[in-house]
Each structure stands twice: as C-alpha cells, then as structure tokens.
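K.L.:
Got a structure here, written out as structure tokens. Questions coming.
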Amino acid sequence: MDDLLDDFIAETRENLETLASQLVQWEQTPQDRALLDSVFRFVHTVKGSCGFLDLPRFMRLSHAAEDILSGAREGQVTASTGLVSAVLAVVDRIAALTDALETGSAVFDDDDDLIETMLAFLPRNIMANVGAPAADAFDSETNEAGGRAKARTVRVSLSLLDKLMNGVSDMVLARNEVSRLLRKMQNNSELDHSFTRLSASVAEMRDAVGMMRMQNIDRLFSSLPRLLRDISIELGKEIELRIDGSEVEVDREMVEALRDPLTHILRNAADHGIETADERRAVGKGPVGQIRIVARQSGNQILIEIIDDGRGINLDKLGARAIAAKKVSAADWQKMSEKAQLNTIFLPGLSTAEQVSSISGRGVGMDVVKTNLHAIGGTVDLENYEGHGLKMTLRLPLTLSIIAGLSVRAGDQIFGISRNSVVEILSSSNRNVKIEELGGKHVALIRGERYPYAKLETLLDIDEMEQPGSGSRTLIVVRPAAGTVYVLDVASVIDNEELVVKPGAPIVMATGIFAGTTLPDNGRPMLLLDASGLGMALGIEQTENHASLERHATEAPEAKRPSALLYVARDHVKRAIRLSVIDRMEDVDAANIKFVGGRMRASVGDRLIDICELDEVPEEGLVKLLRLTDGNSVKFLAVEDVIDIFTLDGEIAPSARPEIYEGVVSAFGETVELINVYRYFEMDAGGPANSAERPLCYLQCDSDGSWEHRILAPLLIASGYQVSFDAADRDQAAVVLSRAGNKDEGLDQDARILRLRDASHSSPGSRSSIYRYDRIGLISAIEAKLSGVA
Amino acid sequence: MTALYLIAHINGCRVAIESDRVESIVQVPDIVAVPKSDPSVAGIFALRSRVLTLIDSQFIVTGTRRQLEKGCLAVVAEIGGHHFGLAVDRVEDVVPISSENIQTAIHPSDIWKSIILETASVDGELVMILDPSKLVAGELALAA
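Shown next as structure tokens:
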C-alpha cells in the first residue's frame, strides 16, 4: 500500500506540473480540443487512482474538476481567465494535498468553497446531469491515448540513483587501484586482456550513469507558463510566453540550481520590462507583451536566452538609483562604459522598480541570479535595447559534475583548479616574466602586461616547501568568472585530468576560496580552488568586473598579436610553431604509441591520433607530444622539449621550402624556422569529416563487379568519398564511374561520367578515359569533375 | 521509549550519540588539510568515493586543536545533507537509554554547555548526550 501511495504521489506531482502549463495554454487557445482532452485525461487519472486508494478529498476535488472540464468538452462553458483560475486553484489544492500526504501534515479543508467557485461557471441546469456518465464514456478513449503517449520508462527514487552513482564511482576507484597493482606485476597478457575488458565496461557504465543524471530542461520550463500567468493577472498586463528548445538535456542538479534565477528573471521582465497595454500602444507596440525563452546547447555550454520586448533599462534612472544607494559615485558613473553601467543591476540592493510591488522591486533578485549562476559556474550577460527590450543570456557549463581540471602543488598539498579559468601556464624562470614589487604588493609583468600576482601558499596561509631540483616555480594566468585576470604562483603544475566535483560541506565552503572537493584516481581527496574566490582573497574587487570588461575591449586588438611556441624538435633542432594551433601538451606513455597503418599513432582514451615527426618509438618512458588541432581533427607533434612562448611581432622571413617551413623568425635572439602546420593536417583527407559532406561516387558495374568492390571502392573511401553500387543512388551521385567494358546506357550526355579503361595507354579513337590503376590521375579527375559539377 | 546510543569519548569525557544518527565508525585514512578554514575543521578525507569533512570535536570543546593523524577514529554522521567525520578518542559500546533517564536538570561544565543539553545515567554513571549536528551547526554560528 505504501508503495502504491508513493507511486501515486510521485506520478501526481509530475503530472501536476504539466497540467498547470497545459491549462494556461488552453486558456489562450480555448478551441484546442486535444489540449482539453489531455487536461481531462489527467484529472480523470487522478480521480481513478484516489478512488482506488480511498482518498476522499482528492476524489471530491478531482471529480468536480472533471465535471467542469467535461462541461467544457461539451461546449457548455468556454475557457476564461476566471474559470482557469478556479481550476488552477483546485489543482493547487490537489498539489498541496499530495505534499501533505507525503509529509503526513494536514491541509485546511475549505475544498467545498473551491469546488463551488469552480462549478459556478457551469450553467445551473446542466450541473445536475454532468458527471459520471460523461467520464465513463471517455474511459476507453483515455486508455488508448494514454497508452500510446507513454514512453517506456520506470520511476526510480533519487536516493537509489545516487547510490548507483556512488557505487560506480567506487568501482572506478577500485579499477584504478587494480590497474596500479597490475602495472607493478610481471606482464601477463591474459590478465591484461581481461582487465582491459573490465575497464572498458566500467567506463561504459560510468557514462551511462552520467546520462541518467541528465534531465530534459523541460522540467525547468514547465512551471513557467503558470508563473507568468499569475504574475500577469496580478499586474493587469497581457504577456505571451514562448519557449523554444525544450529538448536540451541538462544535469539534474542544474535544473534545481536554475529554478530560482529563472523565476527571478521572469518576474523582473514581466514587472519592470513589459509596459502596460496602454503604454505599449502609445509607443507603437502591440498591446500584448512578448517574452521568449530559448535554450540551446553550444559546444560545452548551455545557453538560455530570456528576451522581452519591454522598455529595457533606462541607464539614467539606473545611474540615479545606483548613486542614491551609494553603490557608485556620480563621478565613477560618468566614467563607466554602457556595459559596466548595465551590470550594476547585479549589485546587491539595487532595483529599478519605481515602487516595491508584491512581485519584485525589493532590490533582491538580480544579485541572487548572478550569485546562483556563479555557484554553478555560469555567467549572465545583458543586451539592453532601451525602449525595445532586454535580452539576458545565461551561459552554463554542460554538466555540474565533471570538469577539466589542473592539479597544482602548493606547499606540501595538491589542489585542483578548473582549466576553463586558466589562460596560460608559464615558468617563473621564463625571460618574459618579471615579478615587480609595488608598495608591498606584487605585480607580475608578462610580455609587457601587468597582472595582480600572489603565491598560492600566501593566499592559503600554508608553508612554502623547498623545491627539490630546479627551484623554478610555475605561474598560472587565471581569468575568473568575476574580476580581473591575475597570476597565481604555484610550486608546480602536476597533471591535467577530468575531475568529478562534489560540493564541500558548508563549513569548508565558508572559506570562500574553494569551489568544492574532488576525488582523483589516487583516492586522496583534493580541494578545488575557486578562481573568483582566490581573486577576492587577492584583493580584486568583484565590483571591478565592469572595469575589467572595459579593459578587455581595449586589450583585445593587442592580444591578437600572434604568438608562437619555441620548442626542441626530435632531431634536436630548435623550431617554432604557431600557438593558435596548439591545444595543449601531453605526455604519452611509449607503450601507447605504435607504428600502424603506415603512420605513427598514439592511442589516447578510446581513439587513435596520428603523431607527426616521430620516427621511432622509444623503448619506454614518456613521449612529449603537442596536441594540435585545426578545429576538426587532432594531431600530435612529437617534441623533445618545450622552451617558451614568444610574440611573433618581428618580420617573418620567407622560407625556401614554404611547404615545410612557413618562414624564419627570431625568437629570444635566435633565428629559428617557423613550421608550416598546414602539412600535418593536409594528409588528413580521409579523416573523420562529416559523412553527409562527403561526395557520393556511384560505381556503375556489371553483376560481378569484383574489381570495383575490392579495389576501387576501398580506394575511394580512403580518399574521403562515399561509394554506392545502388542504382537508386545514381541520380544524387556527384560522380559516376564506369569501366570501359561496361554498357553505358544513356551515359553519354551525363557530365558526371568518368570512364576507366583496362589498358595503360588509351587506344586511338575511343572516348577520353583513365587507366584504372592510375590512382593519382583518377583522384584528380574526380576532383575535376566535382568542381565542374559544383 | 528506549533508544540505542553509542558511547564515545571526546576529550576524555564520555558522551552518548544516538545510534540512528551514526552511519559508521571509521579509521580515518589520509587527512588533507583545508587551509584558511574554521579551526574546527581538521581536514577532509575520503571514504570510498565520498569526500568527508573531519571535525576536530576536541577543538569545539576545549578550543585547542588536537593533532589528528591517519588512523584516528571518527564517527560518521550526515548533517544537513553532508557527511562529516567527528573525531573521537575512542568508542565504547552501544547501550540502550530509556527516555525517562534523560534529563536536562544537570548542566555540564562551561566548555561543554554550548553543545550539550541533556544528560542521562547509564549503569549508574552520568553521560552527556551529544547531538552531532551541534558540533557543526554550533560552529557555523560561532564563525558568523
């Protein structure tokens, strides 16, 4: 019975959210029969279950709601604001009762009043004969429609899900432990083999569990139409809400974290942004205010845009308020850029509302939005069009739980930091770096730019350890989500790894410098540094945010000066490579590098990546590789060592072999060759390009066609074409290949035809063709055809 | 009504912790210090895949930090949705205490007063009844 009750509670609660938004939709489109049916179906389901579970109050409420809805189905009543409000009141009561059912508390019983208000919408004379018969007639229909719509899912409790996630994490840790032990042991290929299999299935399982955390963003949006409806009725404004992109999937915890900010933004937009109908008409807008919410995924970010067509933000008014609230001085306000002025709405205790309404205007809200978003690693941007509206863009990381991180050493401890906030890593012995002292404070001078600087040990109040060996430390240039760029001086950077972030206990988070805790593979917990918090500890004010934005704008052109990396190549010659193509540096175990398929390749994770400039694999140890990317494909460039980054501001002298060297440049007083990256990627023709973009070759052949199947098709596929033998594909093929021996019906007029002949020399008088083993000629002929056809 | 209590020692004193609140008793593995944190935080440690915060219970009572090392005993409890390890000197046993034996009339000495509200007699000896959340929540109040 308890199980049944739990199921009922969970199901009802889930349905209620959808129901409320459907009711609101129905209010706008009263003719939509399908919508009404689905509302009716839900109420009917609730009625059915509570009759079964013996819950009389639910029964009465849902029965009454069903009456009124069936009245609506028969056209006796039409949707009106009053009616929908009354139905929503009943729905709310059902929700309250559901909660009460779970917690065991009581809800005041004035259900009859609610029911009476609702039923008052029905014409008197009909009231007597609506009810059970109508509902029963609907039964078969309900089941049919309900059965079709239902996705194949099961309800699982959150605690069970969490348990499963913890279990899988435990398993990953245990696997790592075993892997460490295995590495110490003698080689045993059989054991290795089974371990690899185990390892792969554990990884697969972790991914699957990760997916389980994902939830459709719809869950977040489903409550908004209702919210907006209530607000707009209270304010007496007409507002239309449009929601796009509900198919985006986000982390379950993110949905919870976003609920409050989104509610605040929507309230603000409805209250301050959208004008009254009269005001709107006066400025030539439609009387109905529009609010749009768009969610989409872009790279590893989720973007949520909230766009209203209201009055936007009046900067003068905002300024007056900010000055009155002593948030900024009048002089500073004058100096601030428009964007910086706009961002003051995120300052705590500031509101542009004329007066405090029940909805917003208490000066809490926008700062909550910003704080909440920062807490989950997101940012918020504003675009103000005064008189025409405001667009707010929330940017969120794809998942809350896994981030790319760096582990750094400070004193005798290891900390993690999110790689997103790291701009650059340099050695303190670098000639481009100078630490200056300025009245007791330190400033780092890197390639002519000055940044606030601090040692991580100083910030954390821990003892500095004597460096064994080199004595040089590492500088990390950090760009926090809020505040200016600064330089963090750490003992060393240890590793680059995926970190599973978990929130720390409040007492740990209270320090303000940690973003959470994480458990790396070695099983020793690690604290994750909060880039913004460290900035604050360093004395960078958060409110300086706007100043930094201004500075970035002016910095940008300067920062665009290309930089290059000076490195020692495998043949012990110093060379330079453009920094823009380098993703990062990786040390790869020699055991993972093999010469296969005519190229040197490294297996990283579950993929093979080509390695350039590596002639032989060392017996053992690590190989330093630069990870290069052109945006699509990835290559490794093997290097002996990396020296430093320098700016390419000198002249690039032309090279005698431009296909290998882009030119000759001067780096740190030495003349070195700047390598041409193009050639590393050019051999990638058959790479993982999107299959839809590959030109289709139709191979015309007789029934046997074994040469085409065995020789020609593999060659074409390897050269990056799609191949088809299916005559149905012929029409859409970019090129049609046919051997001279084949009958070519009606091919003469086809411009796409390319003939292949068996003899190496063309016989006089025959049509132009290509020898079938002339690989280069064939490929270039196909290309010629392609460019001709295109 | 009789409930089970775990008898543990903090700063040499016997305290009783309701056993329902106790998840487990563990020997703490490597402790990682949390710089700049409240002095009652002895560090964080891993318990399988979870990261727990280790609370220096002795500090809360006496105001002096105890040197906590790998292998020390901690009572694991969930407080406010987070898991904490509460460092204890040693644990004795689990005993039933009936609610009639719990009283608020006897006050412990000043240093304990902030975290102990009730006492009970067990086998003729008085023990202080400790609500684990007091160790953490009380701390936050101090810090604020």
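Going line by line, the protein sequences match chains V and C.
Residue numbering for the first sequence follows this note's numbering, starting at 283 and increasing by one per position.
Residue numbering for the second sequence follows this note's numbering, starting at 10 and increasing by one per position.
Ideal Cβ placement from N, Cα and C applies to all residues, glycine included.
Computed from a predicted structure; not experimentally measured.
1) With DSSP as the reference, please indicate the residues paired to R866 of chain V in a beta bridge.
2) Assuming contact is defined by CB atoms lying nearer than 8 Å, are G89 of chain C and V35 of chain C in contact in what I supplied?
3) Return helix, strand or coil for Q468 of chain V, following the three-state DSSP convention.
4) Do I864 of chain V and L847 of chain V have their C-beta atoms within less than 8 Å of each other?
5) Beta-carbon of K143 of chain C versus every beta-carbon of chain V: anything under 8 Å?
6) Which residues in chain C have a C-beta closer than 7 Å to the C-beta of V772 of chain V? List them in chain order.
7) Whose C-alpha, out of V:V767, V:E780, V:V870, is nearest the C-alpha of E901 of chain V?
8) Going by DSSP, name the residue or residues bridged to R857 of chain V.
9) Measuring straight from C-alpha to C-alpha, what distance separates L664 of chain V and A602 of chain V?
10) Find the nearest neighbour of A564 of chain V within the set V:E922, V:G592, V:V715, judged by alpha-carbon distance.
11) Is DSSP giving S514 of chain V helix, strand or coil here?
12) Measuring alpha carbon to alpha carbon, tell me which residue in V:I525, V:N596, V:Q583 is nearest Q572 of chain V.
13) If you count every other CB in all the chains shown that lies within 10 Å of the CB of N666 of chain V, and 16 or more means buried, which is it?
14) In three-state terms, what does DSSP make of K723 of chain V?
15) Please determine, among V:A482, V:L396, V:S352, V:C979, the residue with the shortest C-alpha to C-alpha distance to V454 of chain V.
16) Cutting at 7 Å between CB atoms, please list the residues of its own chain near M467 of chain V, excluding the five before and the five after it.
17) I'd like to check one pair, I717 of chain V with Y735 of chain V: are the Cβ atoms closer than 8 Å?
18) Spell out the partners DSSP gives F796 of chain V in its beta bridges.
19) State the Cα-Cα distance for the pair D314 of chain V and F918 of chain V, rounded to the nearest angstrom.
20) If distances are taken between C-alpha atoms only, which option among V:I744, V:D444, V:E520, V:T756 comes closest to S689 of chain V?
21) Please compile the residues from chain V whose C-beta is within a distance smaller than 8 Å of the C-beta of S46 of chain C.
22) Does the Cβ-Cβ distance between E922 of chain V and R857 of chain V come in under 8 Å?
23) If you draw a straight line from the alpha carbon of K608 of chain V to that of K599 of chain V, how long is it in whole angstroms?
24) Name the chain C residues that come within less than 8 Å of N448 of chain V, Cβ to Cβ?
25) Residues of chain V with a CB under 7 Å from the CB of T113 of chain C: which are they?
26) For Q36 of chain C, which beta-bridge partners are listed by DSSP?
27) Got a sec: is the Cβ-Cβ distance from K329 of chain V to anything in chain C below 8 Å?
28) Per the DSSP calculation, L56 of chain C is bridged to which residue(s)?
29) DSSP three-state label for M437 of chain V, please.
30) From the DSSP output, in three-state form, read off C332 of chain V for me.
31) From V:L816, V:P940, V:K784, V:E990, pick the residue whose C-alpha is nearest to that of L61 of chain C; which is it?
32) Helix, strand or coil: how does DSSP classify Q307 of chain V here?
33) Unbroken alpha helix (DSSP H) runs of length 4 or more, entirely within the stretch 472-524 of chain V: which are they?
34) Quick one: Cα of G353 of chain V to Cα of L502 of chain V, how far?
35) Would you say S814 of chain V lies against chain C (beta-carbon separation less than 8 Å)?
36) For a test of the three-state rule: what should DSSP assign to I942 of chain V, helix, strand or coil?
P.N.:
Considering the structure as presented:
1) Position 584 of the first sequence, counted from the start, is the residue given in the question as residue 866 of chain V. In DSSP, R866 of chain V forms a bridge with V:R909.
2) The sequence position of residue 89 of chain C within the second sequence is 80, counting from 1. The sequence position of residue 35 of chain C within the second sequence is 26, counting from 1. The answer is no: Cβ separation not under 8 Å.
3) In the first sequence, the residue the question calls residue 468 of chain V occupies position 186. Three-state DSSP puts Q468 of chain V in coil, outside helix and strand.
4) The residue you call residue 864 of chain V lines up with position 582 of the first sequence. The residue you call residue 847 of chain V lines up with position 565 of the first sequence. Contact check for I864 of chain V against L847 of chain V passes: the beta carbons are separated by less than 8 Å.
5) If you number the second sequence from 1, residue 143 of chain C lands on position 134. So no, K143 of chain C is outside the interface.
6) On the first sequence, residue 772 of chain V is found 490 positions in, with the first residue counted as 1. The contacting residues do not exist; V772 of chain V stays about 13 Å from chain C at best.
7) Within the first sequence, numbered from 1, the residue matching residue 901 of chain V stands at position 619. Selected option, being the one with the closest Cα: V:V870.
8) Along the first sequence, one-based indexing puts residue 857 of chain V at 575. Paired residues: V:Y849, V:E955.
9) Start at 1 with the first residue of the first sequence, and residue 664 of chain V comes out as number 382. Start at 1 with the first residue of the first sequence, and residue 602 of chain V comes out as number 320. Approximately 19 Å, taken between the alpha carbons.
10) Here residue 564 of chain V corresponds to residue number 282 of the first sequence, with the count starting at 1. For A564 of chain V, the nearest C-alpha among the options comes from V:G592.
11) Working through the first sequence from its first residue, we reach residue 514 of chain V at position 232. In this structure, S514 of chain V counts as helix in the three-state DSSP scheme.
12) Taking the first residue of the first sequence as 1, we reach residue 572 of chain V at position 290. Taking only the C-alpha atoms, the option nearest Q572 of chain V is V:I525.
13) By 1-based counting over the first sequence, the position of residue 666 of chain V is 384. Answer is buried; the Cβ neighbour count reaches 16.
14) Along the first sequence, read from residue 1 onward, the residue named residue 723 of chain V stands at position 441. K723 of chain V: strand per DSSP, three-state reduction.
15) Here residue 454 of chain V refers to the residue found at position 172 when the first sequence is read from its first residue. For the residues V:A482, V:L396, V:S352, V:C979, the minimum Cα distance to V454 of chain V belongs to V:A482.
16) Taking the first residue of the first sequence as 1, we reach residue 467 of chain V at position 185. Correct list: empty, nothing qualifies.
17) Numbered from its first residue, the first sequence carries residue 735 of chain V at position 453. Numbered from its first residue, the first sequence carries residue 717 of chain V at position 435. Yes. Within cutoff.
18) By one-based count along the first sequence, residue 796 of chain V stands at place 514. V:L811.
19) Here residue 314 of chain V refers to the residue found at position 32 when the first sequence is read from its first residue. Here residue 918 of chain V refers to the residue found at position 636 when the first sequence is read from its first residue. So the alpha carbons of these two residues sit roughly 59 Å apart.
20) By 1-based counting over the first sequence, the position of residue 689 of chain V is 407. S689 of chain V has its Cα closest to that of V:T756, out of V:I744, V:D444, V:E520, V:T756.
21) In the second sequence, residue 46 of chain C corresponds to position 37, counting from 1. The CB of S46 of chain C comes closer than 8 Å to the CB of I789, V790, A792, T793 in chain V, given here in chain order.
22) One-based indexing of the first sequence puts residue 922 of chain V at position 640. One-based indexing of the first sequence puts residue 857 of chain V at position 575. Not a contact, by the Cβ cut-off of 8 Å.
23) Taking the first sequence and counting its residues from 1, the one referred to as residue 608 of chain V is at position 326. Taking the first sequence and counting its residues from 1, the one referred to as residue 599 of chain V is at position 317. Approximately 14 Å, taken between the alpha carbons.
24) By 1-based counting over the first sequence, the position of residue 448 of chain V is 166. Going along chain C in sequence order, the residues near N448 of chain V (Cβ under 8 Å) are R57, S58, R59.
25) If you number the second sequence from 1, residue 113 of chain C lands on position 104. Within 7 Å Cβ-Cβ: nothing; T113 of chain C doesn't reach chain V, min ~27 Å.
26) By one-based count along the second sequence, residue 36 of chain C stands at place 27. Its beta-bridge partners are C:L82.
27) One-based indexing of the first sequence puts residue 329 of chain V at position 47. Chain C, which has no Cβ nearer than 8 Å to the Cβ of K329 of chain V, makes this no.
28) Against the second sequence, residue 56 of chain C aligns to sequence position 47. Paired residues: C:R59.
29) Within the first sequence, residue 437 of chain V is the residue found at index 155, counting from 1. Checking the sequence shown, residue 437 of chain V turns out to be Arg, not Met. DSSP places R437 of chain V in coil when its eight states are reduced to three.
30) The residue labelled residue 332 of chain V in the question sits at position 50 within the first sequence. Looking at C332 of chain V - three-state DSSP - the assignment turns out to be helix.
31) Here residue 61 of chain C refers to the residue found at position 52 of the second sequence. Measuring from the Cα of L61 of chain C, the nearest candidate turns out to be V:K784.
32) Here the question's residue 307 of chain V lines up with position 25 in the first sequence. DSSP places Q307 of chain V within a helical segment (H, G or I) once states are collapsed to three.
33) Complete alpha helix (DSSP H) runs here, min 4: 500-503, 506-517.
34) On the first sequence, position 71 is the one that residue 353 of chain V refers to. On the first sequence, position 220 is the one that residue 502 of chain V refers to. Taking the straight line from one Cα to the other gives about 32 Å.
35) Within the first sequence, numbered from 1, the residue matching residue 814 of chain V stands at position 532. Answer no: the Cβ-Cβ gap between S814 of chain V and chain C never drops below 8 Å.
36) As a working note, residue 942 of chain V is residue 660 in the first sequence. Correct three-state label for I942 of chain V: coil.
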